[in-house]
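*Asks:*
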Amino acid sequence: MYATRIWDLPTRLFHWALAICVVGLVVTANIGGNAMNWHFRFGYSVLTLLLFRISWGFVGGRWSRFVSFVYSPASLLRHLRGESPATFTAGHSPTGALSVFAMLLVLLAQVGSGLFADDDIAFAGPLSALVSGDTVSLATGYHKEVGKVILIVLVALHLLAIAYYKWVRKEDLVRPMFAGDKVLSTPVEPSKDTAATRLLALGLLLLCAYGVNRLIEFGASSGF
Numbered sequence: 001m002y003a004t005r006i007w008d009l010p011t012r013l014f015h016w017a018l019a020i021c022v023v024g025l026v027v028t029a030n031i032g033g034n035a036m037n038w039h040f041r042f043g044y045s046v047l048t049l050l051l052f053r054i055s056w057g058f059v060g061g062r063w064s065r066f067v068s069f070v071y072s073p074a075s076l077l078r079h080l081r082g083e084s085p086a087t088f089t090a091g092h093s094p095t096g097a098l099s100v101f102a103m104l105l106v107l108l109a110q111v112g113s114g115l116f117a118d119d120d121i122a123f124a125g126p127l128s129a130l131v132s133g134d135t136v137s138l139a140t141g142y143h144k145e146v147g148k149v150i151l152i153v154l155v156a157l158h159l160l161a162i163a164y165y166k167w168v169r170k171e172d173l174v175r176p177m178f179a180g181d182k183v184l185s186t187p188v189e190p191s192k193d194t195a196a197t198r199l200l201a202l203g204l205l206l207l208c209a210y211g212v213n214r215l216i217e218f219g220a221s222s223g224f
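Sequential numbering from 1 applies to the sequence shown in full-length UniProt numbering.
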């Protein structure tokens with residue numbers, strides 16, 4: 001058996017920070033009122049994290065890069081038939097990859113629509129003044145109804161998949177996302193997880209945060 005670094009520290013921190021922020025988004029949306037101030041903060045944080053993860057998908061550790069979990073339909077069928085080589089299960093499996101891409105797209109749609117949404121009471125997205133009323137209405141409807149439901153369903157499916165792998169397939173997906181290493185039966189190339197790569201990740205995160213902040217400031221200044 002081989003203990004192999006699969007998830008680098010930036011990927012692990014991203015995963016748990018995103019989980020906290022998504023829970024925060026759902027809770028504050030249901031509370032409403034002054035909690036919406038925190039809803040906006042969580043939304044901006046999620047957008048920053050998503051931009052970081054997309055960037056990290058090109059320059060991050062071996063198993064965090066998109067190229068490591070973009071599979072063909074044939075590979076997906078092989079996986080479903082139980083014919084997965086070690087490279088299919090070291091990082092994201094073909095089904096896990098679909099879950100990752102779905103989560104990224106749904107969250108991008110949710111926070112993106114939130115930027116243009118307006119509750120017609122006290123809170124409006126920072127970019128709502130830049131588009132037409134019809135666009136605001138569409139964004140608001142998606143954000144408050146359709147997108148919210150899709151996100152909750154996707155999170156529930158994600159948790160069910162973790163439970164299935166834990167209790168049925170006897171594979172713990174949570175522990176490696178804390179520790180970083182997986183114990184594999186076949187050696188594979190580990191992810192680089194050094195001080196230099198972590199500094200690179202920090203720089204990317206700060207750059208993404210700066211971009212989101214500038215976007216918000218642009219929307220606020222354009223609304224007057």
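All residues carry an ideal CB built from backbone N, CA and C; glycine is no exception.
#1: Just list the beta strand (DSSP E) runs in the segment 164-191, keeping only unbroken ones of 3 residues or longer that don't cross its boundaries, in chain order.
#2: With a 10 Å radius around its C-beta and 16 neighbouring C-beta atoms as the bar for buried, classify L80 as buried or exposed.
#3: Do you know how far the Cα of S113 is from the Cα of C21?
#4: For T135, which residues of its own chain have a beta-carbon under 8 angstroms away from its beta-carbon, when the five flanking residues on both sides are left out?
#5: DSSP state of T194, grouped into three classes?
#6: Would you mind stating whether A201 and P10 have Cβ atoms separated by less than 7 angstroms?
#7: Expressed to the nearest angstrom, what Euclidean distance is found between the alpha-carbon atoms of S68 and L25?
#8: For S191 versus I54, is the C-beta spacing smaller than 7 angstroms?
#9: Which one of A29, G33 and F14 has the shortest CA to CA distance from L50?
#10: With DSSP as the reference, please indicate the residues paired to R78 in a beta bridge.
#11: By Cβ distance below 7 angstroms, which residues in the same chain neighbour L204 in space, the five residues on each side in sequence not counted?
#12: Can you tell me which of G43, Y142 and D193 puts its alpha carbon nearest to the alpha carbon of N213?
#13: Which residue or residues does DSSP assign as beta-bridge partners of Y2?
#14: Near A102, which residues of its chain fall below 7 angstroms by C-beta distance, leaving aside the five closest residues on each side in sequence?
#15: Specify the secondary structure class of A102 as computed by DSSP and reduced to three states.
*Replies:* Straight from the coordinates:
#1: 181-184
#2: Numbered from 1 along the sequence shown, position 80 holds the residue referred to as residue 80. Counting Cβ neighbours within 10 Å, L80 comes out exposed, since fewer than 16 surround it.
#3: Counted from its first residue, the sequence shown places residue 21 at position 21. Counted from its first residue, the sequence shown places residue 113 at position 113. Taking the straight line joining both Cα atoms gives about 17 angstroms.
#4: Walking along the sequence shown from the start, residue 135 turns up at place 135. Excluding residues within five positions, the ones whose Cβ falls inside 8 angstroms are F116.
#5: Stepping through the sequence shown from its first residue, residue 194 is reached at position 194. Residue state, collapsed to three classes: coil.
#6: Within the sequence shown, residue 201 is the residue found at index 201, counting from 1. Within the sequence shown, residue 10 is the residue found at index 10, counting from 1. Yes.
#7: Locating residue 68 in the sequence shown gives position 68, where the first residue counts as 1. Locating residue 25 in the sequence shown gives position 25, where the first residue counts as 1. When rounded, the distance between both Cα atoms is 30 angstroms.
#8: Residue numbering aside, residue 191 sits at position 191 when the sequence shown is read from its first letter. Residue numbering aside, residue 54 sits at position 54 when the sequence shown is read from its first letter. Going by C-beta atoms, S191 is not nearer than 7 angstroms to I54.
#9: Looking up residue 50 in the sequence shown gives position 50. That would be F14, whose Cα lies nearest to the Cα of L50.
#10: Here residue 78 refers to the residue found at position 78 of the sequence shown. BP columns for R78 are empty, so no partner.
#11: Here the question's residue 204 lines up with position 204 in the sequence shown. So the list reads F52, S55 and W56, once near-sequence residues are dropped.
#12: Counting from one through the sequence shown, the residue named residue 213 turns up at place 213. It is G43 whose Cα lies nearest to the Cα of N213.
#13: In the sequence shown, residue 2 corresponds to position 2, counting from 1. In the DSSP output, where bridge partners are listed per residue, Y2 has L184.
#14: To locate residue 102, count along the sequence shown from 1; it is residue 102. Excluding residues within five positions, the ones whose Cβ falls inside 7 angstroms are L154.
#15: Mapped onto the sequence shown, residue 102 falls at position 102. Correct three-state label for A102: helix.
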